[in-house]
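>
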Amino acid sequence: MWKGYGILLTNKTDTLDEAGLMASEAIADAGEEVNAVWDVFQDRIPDLLAFGIRVLLCFVFFLIGRIFIKWICRFVRRSMERANADKGAMQFIDSLLKFLLYAILLFTIAIRLGVESSSVAALLASVGVAIGLALQGSLSNFAGGVLILLLKPFVVGDYIIEDMNKNEGTVKEIQIFYTKLTTLDNKTIVIPNGTLANTSLTNVTARPERQLELKISISYQADLKEAKRLLEDLILNNPAIIQEEEHKVFVDDLAESAVVLGLRAWVRTDEYWKVRWQLLEDIKLTLDEHGIEIPFNQITVHMAGARSNE
């Protein structure tokens with residue numbers, strides 16, 4: 001009995017020794033791996049420090065380049081202002097110049113970080129092709145912006161009406177891809193340059209003078225000559241109407257319920273709406289004062305007399 005117990009104890013001791021030996025070997029292997037990693041890290045410390053310093057210098061270089069880009073853009077903008085360049089061209093060139101300068105700055109930083117220039121050029125070419133295929137509309141907007149600056153269908157400050165979607169407003173900015181309009185109620189409309197270059201539009205303020213045309217209806221019973229004289233007097237006595245230009249008062253139509261008089265005169269473009277509104281009010285008050293009726297649509301019904309009973 002004791003002999004068997006001794007054998008069992010011996011087996012357990014051998015098992016524990018083997019487990020301890022395996023644990024020791026595992027710890028030794030782990031220690032060797034840690035030492036190997038530490039050795040590699042120590043060997044790479046100069047490279048890591050050099051890379052960190054390079055990244056820091058690139059960051060500083062980016063900040064300096066950003067300040068330099070702002071200075072260049074400001075210098076170009078002031079030079080164009082001294083040359084009395086078009087404001088839309090100034091905005092377009094400013095945004096394009098920023099895009100190009102930042103692209104050059106990032107390209108230079110990538111080379112400073114150790115990236116091969118040929119690899120960067122190949123990458124940029126591939127990215128350019130992919131972006132060009134994905135952004136065909138944006139490229140057409142860029143081309144449209146160039147056409148707008150060259151052909152000048154409008155400039156910053158003009159009031160335009162885009163005929164396709166009937167968007168209208170004062171041109172505030174002409175950027176690389178988009179043109180911004182401000183409406184009369186101070187809303188901002190952003191229209192792609194490609195749309196403006198490929199569709200018809202109306203430039204309301206292209207000329208310093210604009211023709212004002214009104215149509216006024218009077219009743220058939222009113223004195224036609226008196227009504228025309230009153231309208232002519234209103235034109236002659238309005239200081240905002242350009243008297244050197246031709247003005248007319250004429251019979252425009254003989255409608256079903258009224259005689260339609262036409263009025264044409266020339267005003268300054270920037271005073272068009274103010275003159276129009278004031279003249280309409282003056283016409284209404286003057287015609288009322290002289291008893292000339294401005295009729296509404298009406299139908300005269302004639303009823304035959306009732307037949308007498310036989």
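Residue numbers 1 to 310, in our numbering, belong to the letters of the sequence shown in order. Backbone N, C-alpha and C fix where the C-beta goes; we use that ideal spot for every residue, glycine too.
Does the pairing of the segment 168-180 with the segment 192-200 give three or more beta-carbon distances under 8 angstroms?
Touching, yes.
> Please report the distance separating the alpha-carbon of Val171 from that of Ile69.
Locating residue 171 in the sequence shown gives position 171, where the first residue counts as 1. Locating residue 69 in the sequence shown gives position 69, where the first residue counts as 1. So the two alpha carbons sit approximately 27 angstroms from each other.
> Under 7 angstroms Cβ to Cβ from Gly65, same chain only, skipping five residues before and after it: list those, please.
The count along the sequence shown starts at 1 and reaches residue 65 at position 65. Excluding residues within five positions, the ones whose Cβ falls inside 7 angstroms are Leu105.
> Grab the span of the alpha helix (DSSP H) containing Lys284 for me, first residue to last.
Within the sequence shown, numbered from 1, the residue matching residue 284 stands at position 284. Where Lys284 is concerned, the enclosing alpha helix (DSSP H) stretches over Tyr272 to Glu289.
> Measuring straight from C-alpha to C-alpha, what distance separates Glu162 and Trp273?
Along the sequence shown, read from residue 1 onward, the residue named residue 162 stands at position 162. Along the sequence shown, read from residue 1 onward, the residue named residue 273 stands at position 273. Answer to the nearest angstrom: the Cα atoms are 20 angstroms apart.
> Between which two residues does the alpha helix (DSSP H) holding Ile189 run?
As a working note, residue 189 is residue 189 in the sequence shown. That residue, Ile189, is in no alpha helix (DSSP H); its beta strand (DSSP E) goes Thr188 to Pro192.
> The alpha helix (DSSP H) spanning Lys180 covers which residue range?
For this step, residue 180 is matched to residue 180 along the sequence shown. Looking at the DSSP string, Lys180 is not in any alpha helix (DSSP H); the run it does join, the beta strand (DSSP E), is Tyr178 to Thr182.
> State buried or exposed for Gly144, treating a residue as buried only when at least 16 other CB atoms are found within 10 Å of its CB.
Indexing the sequence shown from 1 puts residue 144 at position 144. Buried, by the Cβ-count rule.
> Whose C-beta lies closer than 8 angstroms to the C-beta of Asp94 among residues of the same chain, with five residues either side of it excluded?
In the sequence shown, residue 94 corresponds to position 94, counting from 1. Closer than 8 angstroms at the Cβ level, and outside the excluded window around Asp94, lie Cys73, Val76 and Arg77.
> Can you look up Ile160 in the DSSP assignment and give me helix, strand or coil?
For the purposes of this step, residue 160 is taken as residue 160 along the sequence shown, with counting starting at 1. Three-state result, Ile160: strand.
> Based on the DSSP output, what are the partners of Thr202 in its beta bridges?
Here residue 202 refers to the residue found at position 202 when the sequence shown is read from its first residue. Thr202 is bridged to Ile161.
> Whose C-alpha, out of Leu57, Lys284 and Ile174, is nearest the C-alpha of Ile189?
Along the sequence shown, read from residue 1 onward, the residue named residue 189 stands at position 189. Measuring from the Cα of Ile189, the nearest candidate turns out to be Ile174.
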